[in-house]
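Q: Quick one: the structure is below, and I'll ask about it shortly.
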Amino acid sequence: MQTRASQIIFALAALIAVLLTNCMWADDEIAKKASTDTGNQFRAAIILPGVIDDHSWSQAGYEGLKVLEKRYKATVDFAPNIVDRDALATARGFAKQNFDFIIFHGGEFIAAAEAAAREFPRIKFSITTGHPGNNRNLGAVVQRVNESGYLSGFAAGLKTKTNRIAYLTGFPYPVNKEEAEFLKQGVKAANPKAEVIVEFLYTWTDTDKASKVALKQIAAGADLIIINLDHNEEVIKAVASQPDVFVIGWTKDQYYAAPNKVVTSVISDVSTLVTNTADLAQRGRWEGKLYRLGLKEKALRFAPFRGSLTPEQEERFNKARNDILIGKLDVGL
17 MQTRASQIIF
27 ALAALIAVLL
37 TNCMWADDEI
47 AKKASTDTGN
57 QFRAAIILPG
67 VIDDHSWSQA
77 GYEGLKVLEK
87 RYKATVDFAP
97 NIVDRDALAT
107 ARGFAKQNFD
117 FIIFHGGEFI
127 AAAEAAAREF
137 PRIKFSITTG
147 HPGNNRNLGA
157 VVQRVNESGY
167 LSGFAAGLKT
177 KTNRIAYLTG
187 FPYPVNKEEA
197 EFLKQGVKAA
207 NPKAEVIVEF
217 LYTWTDTDKA
227 SKVALKQIAA
237 GADLIIINLD
247 HNEEVIKAVA
257 SQPDVFVIGW
267 TKDQYYAAPN
277 KVVTSVISDV
287 STLVTNTADL
297 AQRGRWEGKL
307 YRLGLKEKAL
317 RFAPFRGSLT
327 PEQEERFNKA
337 RNDILIGKLD
347 VGL
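So for the sequence shown, the numbering used here puts the first residue at 17; every next one is plus one.
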């Protein structure tokens, strides 16, 4: 009887062991699948103030996201044409879909970014503007506005003949005000007689308003208009219709909007801004602070002059740019 009972107990123990092993194997496979499905794939989203084919700011942000998708095999998504009052709700939607990294692409989203970072402390947020961050999960990235401002102003100072230059941009955010001040410095370094009129339009996208302001400045004697807005092309075309007036574009190369009228363009390589910050986030090295990128990191460059400056003027510009790059010319920040 003891032998028979022992056999039964042994058989039951063996059956239980098999069942436990199978269950453990199944749990392990489920865990592996869950890790493969969600744990190892970086998820990033961007909130844009404009459309993805504006040939300017929003398109540059979208293109940066696509670079990130390809480079890291990331899952990406975007929300275009978002106004500031809807940005927090948009961020909440991405957060609830378990995105790891959410980018607010523009200074108009500062309040929304701060609120989202408080509400979702485990998610990393970035804002593409000058902002100190929160020392935790909200950081910011911006091109070095001292370099973009100074050198665009330097080129404008070289080109103007009337010595009156107008700078059109959106809102007086700290980063835009800094850029305008460095632009004035660059103009004076190239041409001490020239003056700069700064026009904050309180809009990035109202091309009719921008065109009217540009034409007003031309009527007042400006012969060089620097345009740092979204949808730059329409404004450039309005300016280009005026004789003996030239343009400096922004964000992307705007030459083809008005050939022979665009002196150069300040090209912001937003993909470099986006991918640099996303790389830090993916590697767990994202800090809630402001990151500045510029000439050295190839986040900023200037479009070819294509004969718009004389060889001597172009040589002066190149020297200023190279001096900044090697640290010989200190333009702050």
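Yeah, the Cβ is synthetic: ideal placement off N, Cα and C, and Gly gets one too.
Sorted by chain position, which residues of the same chain lie with C-beta nearer than 7 Å to Thr219's C-beta, five sequence neighbours on each side aside?
A: Cβ neighbours of Thr219 beyond the five flanking positions: Gly186, Lys225.
Q: Smallest Cα separation from Arg301: which of Asp222, Ile264, Lys140?
A: Comparing Cα positions, the closest option is Lys140.
Q: Determine the extent of the beta strand (DSSP E) in which Arg108 is found, giving its start and end residues.
A: It is not in any beta strand (DSSP E) - Arg108 instead sits in the alpha helix (DSSP H) that spans 100-112.
Q: Report buried or exposed for Lys200, applying the criterion of at least 16 other Cβ atoms within 10 angstroms of its Cβ.
A: With 16 or more Cβ atoms within 10 Å of its Cβ, Lys200 is classed as buried.
Q: I need the DSSP call for Arg322, collapsed to helix, strand or coil.
A: If DSSP states are grouped into helix, strand and coil, Arg322 belongs with coil.
Q: CA-CA distance, Ala351 and Ala60?
A: With the chain covering 17 to 349 only, the question about residue 351 has no answer from this structure.
Q: DSSP three-state label for Tyr218, please.
A: If DSSP states are grouped into helix, strand and coil, Tyr218 belongs with coil.
Q: What are the partner residues of Gly155, as DSSP defines its beta bridges?
A: Partner(s): Ser142.
Q: Using the Cα positions of Asp339 and Leu345, report the straight-line distance between them to the nearest angstrom.
A: Those two C-alpha atoms are separated by around 5 Å.
Q: Smallest Cα separation from Arg337: which of Val286, Lys314, Gly323?
A: Looking at the Cα atoms, Lys314 is the closest of the given residues.
Q: The beta strand (DSSP E) that contains Asp224, what's its start and end?
A: That residue, Asp224, is in no beta strand (DSSP E); its alpha helix (DSSP H) goes 223-235.
Q: Could you have a look at Glu130 and say whether DSSP puts it in helix, strand or coil?
A: Reduced to three states, the DSSP call for Glu130 is helix.
Q: Suppose the cutoff is 7 Å on Cβ atoms and the five residues either side in sequence are ignored; what does the same chain contact list for Gln298 look like?
A: Phe58, Tyr88, listed in sequence order.
Q: Check the DSSP bridge columns for Glu211 and list the partner residues they point to.
A: Paired residues: Arg180.
Q: What does the alpha-carbon distance come out to for the pair Ala256 and Thr223?
A: Cα to Cα, Ala256 sits roughly 14 Å from Thr223.
Q: Between Leu217 and Leu184, which are expected to be in contact by the criterion C-beta below 8 Å, what is the C-beta distance as a whole number of angstroms?
A: Rounded, the Cβ-Cβ distance is 6 Å, consistent with contact.
Q: One question on the structure: do Pro190 and Gly122 come within less than 7 Å of each other, judged by their Cβ atoms?
A: The answer is no: Cβ separation not under 7 Å.
Q: Over what stretch of residues does the beta strand (DSSP E) that includes Asn97 continue unbroken?
A: Here Asn97 belongs to no beta strand (DSSP E), and DSSP marks it neither H nor E.
Q: Mind checking Asn192: buried by the 16 CB within 10 Å criterion, or exposed?
A: Buried, because 16 or more other Cβ atoms sit within 10 Å of the Cβ of Asn192.
Q: Can you tell me whether Gly343 is buried or exposed? The criterion is at least 16 other CB atoms within 10 Å of its CB, across all chains shown.
A: Exposed.
Q: Indicate whether Phe117 and Ala129 have their beta-carbon atoms separated by less than 7 Å.
A: Result no, Cβ atoms of Phe117 and Ala129 do not sit closer than 7 Å.
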